[in-house]
Every structure is written in structure tokens, then in C-alpha cells.
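*Asks:* Residue numbers (the numbering used here): 2 to 257.
Idealized CB from N, CA, C, for every residue including glycine.
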């Protein structure tokens, strides 16, 4: 099996239950090469910063299979941008994961099989990016809309349930964290998809529409605090404007 990392970050309100998440990842067959946990001591957005690790999490960190990497707090971008600093443009694979989701046996194997079948970015779940009358429709219109049967550019993998990438999938511009935080500070999934769609990198979902369970319901999340009440619509509008001005390309005007 090719080497594949699992990369995630965590916010302070969830650090106490992160060991359950990490244990579910380590139990996968095949197992990932490494689990990289990107944490910050300083606060940002919903994260007040993480100092000492809880004992059950510290017991899993061995510096080999499970590693804690201290990074600047860029919010959700910590799960992928530090990894890209080392692996951008390479064939090494990475799955981005969430800090409050339990990953069932077979999760990683199915993501890898999806990637092997056609080389597409592969999420467990995804939404279609719906275009109506020459514009990207409101985010709420994406829910319930039918996904394409195969990989496509207008497919948004959902980061919560896990997304498998290779280092070759990412254009270098995706690493511009200053622009990312200005345009999409809480919507890393959208930032990544816009860049990859412009580069012609399709995406697909392999989880048959089944969202994965959270460790605990409720509590703070970027979705509930920022994105559910129309925040993603503002991000989409900003992305379309930025990509039109910078690249002469938009999601609505490009191929599907």
C-alpha cells in the first residue's frame, strides 16, 4: 500500500475527546502510515489554544505513528497546510479528518479504493456545487441535490467525514493562507475545492451518502457558529469574485 497520512487539527473544547477519534483512525485496516495532530497554543476562532495534552491522548502519541505538531493557529487550515509545506507536488497521500468524528472500520480502505479506481479526490460524503442561471446557487440548495455518478469538478467533499488527497492535487496558490483567511476563514473545504476545480482536479464521494457519527452531539463548531446561517454563501460569493479577478475563472462559468 502507498504511504498515506491522516492529518487533523483540534480545538480546545474538543481536545478531551480527541483520543476516541485517533483510536478509531489507528484501528483502520489497512492502517495509515502516520496520524498527524496539528495543535496551537494560541487561540483563534473557537479555539482557545491547547497546552498540555489529556492523559488518554498523550498515551497514544509516540512520535512515530502518532505525532503532535505545534503550528501557528490558522483555524481549519491547520489540518492541511502544514502537511503541504512538506508534500506539495508529491505523490504522497493524505486524508484530512475531523476532531469530533468516529471513523468506522473500512473508512480508510474505501477512500483508498475510490482513489485507486480513477485518481480523483475522494471524500466519504460530498455535496454537488449547484449552478443555476449562470450563478452558484445558495449553499442550502446543494443539500439534497443529486451528485454526479462519477468524479466531477462541481463536487464538494465534506471535510468532517474525511477526504483523501495526493500532494499533486494541490495548486501552489492553495497555500496562500493570508488570502485564504481573508476570503474563507471558516470554510477551508470551499477554498480547496475552488482551487482544485480551476486546476481540473475532480472529486467524488464513496460513502453512499451516509454521514459519520460525532463523538458527542452539540458543542461549538464552525458550521454551527459561522457557516449554517448563510456564512458559506458569503464565502462562495467572495471566492467567485476572487477567482474571476485573479484567474479569469469562476466555478459557475467553468466546466462541471
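1. Can you name the start and end residues of the alpha helix (DSSP H) that residue 13 belongs to?
2. Can you give me the Cβ contacts of residue 224 inside the same chain, cut-off strictly under 6 Å, excluding the 5 residues immediately before and after it?
3. Between residue 27 and chain D, is the shortest Cβ-Cβ distance under 9 Å, so that the two count as touching?
4. Under the three-state reduction of DSSP, which class applies to residue 26: helix, strand or coil?
5. How would you label residue 158, buried or exposed, when you count the other beta carbons within 10 angstroms and need 16 or more for buried?
6. At what residues does the alpha helix (DSSP H) containing residue 83 begin and finish?
7. If you draw a straight line from the alpha carbon of residue 179 to that of residue 78, how long is it in whole angstroms?
8. So residue 6 and residue 37 are in contact, right, with Cβ under 8 Å, and what is the actual spacing, rounded?
9. How big is the Cα-Cα spacing for residue 134 and residue 253?
10. Can residue 181 and residue 232 be called in contact, C-beta distance under 9 Å?
11. Determine the DSSP secondary structure at residue 197, reduced to helix, strand or coil.
12. Inspect the beta-carbon positions of residue 95 and residue 8 and report whether they are closer than 9 Å.
13. Measure the C-alpha to C-alpha separation of residue 58 and residue 70 and round it to an integer number of angstroms.
14. What do you get for residue 67, buried or exposed, if any count of 16 or more other CB atoms within 10 angstroms of its CB means buried?
15. So, does the region 121-129 touch the region 155-172, judging by three or more C-beta pairs under 8 Å?
16. Could you check whether the region 186-201 touches the region 235-244, counting it as contact only if at least three pairs of C-beta atoms, one from each stretch, sit closer than 8 Å?
17. In whole angstroms, what is the alpha-carbon distance linking residue 109 and residue 72?
18. In chain order, what are the residue ranges of uninterrupted alpha helix (DSSP H) at least 4 long that sit wholly in the region 128-159?
19. Distance, Cα to Cα, residue 29 vs residue 102?
20. Beta strand (DSSP E) containing residue 206: first to last residue?
21. I need the boundaries of the beta strand (DSSP E) containing residue 40, first residue and last residue.
22. Using a threshold of 8 Å, is the CB atom of residue 5 nearer than that to any non-hydrogen atom of the ligand HEM?
23. Taking C-beta to C-beta, are residue 207 and residue 112 nearer than 9 Å?
24. Consult DSSP for residue 183 and reduce its assignment to one of helix, strand or coil.
25. Quick check on residue 166: does DSSP put it in helix, strand or coil?
*Replies:* Checking against the coordinates, here is how it stands:
1. Residue 13 -> no alpha helix (DSSP H), and no H or E assigned at all.
2. With a pLDDT of 45 at residue 224, under the threshold of 50, the predicted position of this residue should be treated as unreliable, though the coordinate-derived value follows. Hits under 6 Å: none found.
3. Judged by its chain identifiers, the structure shown contains no chain D, having just a single protein chain.
4. helix
5. buried
6. 82-88
7. 11 Å
8. 6 Å
9. 9 Å
10. no
11. helix
12. yes
13. 14 Å
14. buried
15. yes
16. yes
17. 26 Å
18. 140-143
19. 14 Å
20. 204-206
21. 35-40
22. The ligand HEM is absent from the structure shown, which contains no ligands of any kind.
23. yes
24. helix
25. strand
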